[in-house]
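Position 2 (the sequence shown) corresponds to 1 in numbering that gives the first Met the number 0; numbering is contiguous. Beta carbons: idealized from backbone N, C-alpha and C, even for Gly. Everything on this sheet refers to the single structure shown next.
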Amino acid sequence: MMMMLMNMMIMITLMMTMLFYIMMMINMKMKFNHNKSAPFECGFDPFNKSRIPFSLNFYLITIIFLIFDIEISIIMPMILNFKISNMMNLNLMFSMFFLFMIITLFYEWKFGSLNWKI
Numbered sequence: 000m001m002m003m004l005m006n007m008m009i010m011i012t013l014m015m016t017m018l019f020y021i022m023m024m025i026n027m028k029m030k031f032n033h034n035k036s037a038p039f040e041c042g043f044d045p046f047n048k049s050r051i052p053f054s055l056n057f058y059l060i061t062i063i064f065l066i067f068d069i070e071i072s073i074i075m076p077m078i079l080n081f082k083i084s085n086m087m088n089l090n091l092m093f094s095m096f097f098l099f100m101i102i103t104l105f106y107e108w109k110f111g112s113l114n115w116k117i
C-alpha cells in the first residue's frame, strides 16, 4: 500500500514537472529584446562608454581612509584592553593614540596625498 502511494506521488511529480516544462517552452518568446536583456545601471547606458576615465585622487583617498580605518580598528581595542588603574594613564594613552593619528595625517598632507590635482 505504501509503495503504491509512493509510486503515485513520484508519477504526479514527474508529470507536473513535464507539464511546467512544456508550458514554459510554449510561452517562451522567440524575439530577442536588447533593452530587457541589458543590466539596469541606475539611469545611464552601460554600453555607451565602457572605459570612463577614473580619477586617481578617489583611489588615493580611499587607500588613506582604509589605512586610518585599520589603524583605529587595531589600536583602539588595544588601548581599551589595558588594565589602567587611574585616569592619568588613560588620558596619556588616548593622547598618544590621537597624537599618532595626527602625525600620520600630517605625513600624508606633507607628501601631497591629500592634494586634489585636476
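From the options, residue whose alpha carbon lies closest to that of residue i
| i | options | result |
| --- | --- | --- |
| threonine 103 | Phe19, Tyr20, Ile63, Met14 | Ile63 |
Residue i, DSSP secondary structure in three states
| i | result |
| --- | --- |
| methionine 22 | helix |
| tryptophan 115 | coil |
| methionine 27 | coil |
| phenylalanine 110 | coil |
Beta-carbon separation (whole angstroms), residue i vs residue j, contact threshold 8 Å
| i | j | result |
| --- | --- | --- |
| leucine 65 | serine 112 | In fact, because the Cβ distance is near 13 Å, the residues do not count as touching under 8 Å. |
| phenylalanine 97 | isoleucine 74 | Their Cβ separation, rounded to whole angstroms, is 10 Å, which puts phenylalanine 97 and isoleucine 74 out of contact at 8 Å. |
| asparagine 56 | tryptophan 108 | With a Cβ gap of about 14 Å, asparagine 56 and tryptophan 108 do not count as contacting. |
Contact set for residue i: own chain, Cβ-Cβ below 7 Å, skip 5 residues either direction
| i | result |
| --- | --- |
| isoleucine 101 | none |
Contact with chain D by residue i, beta-carbon distance below 8 Å
| i | result |
| --- | --- |
| asparagine 114 | Of the chains in the structure shown, none is chain D; there is only one protein chain. |
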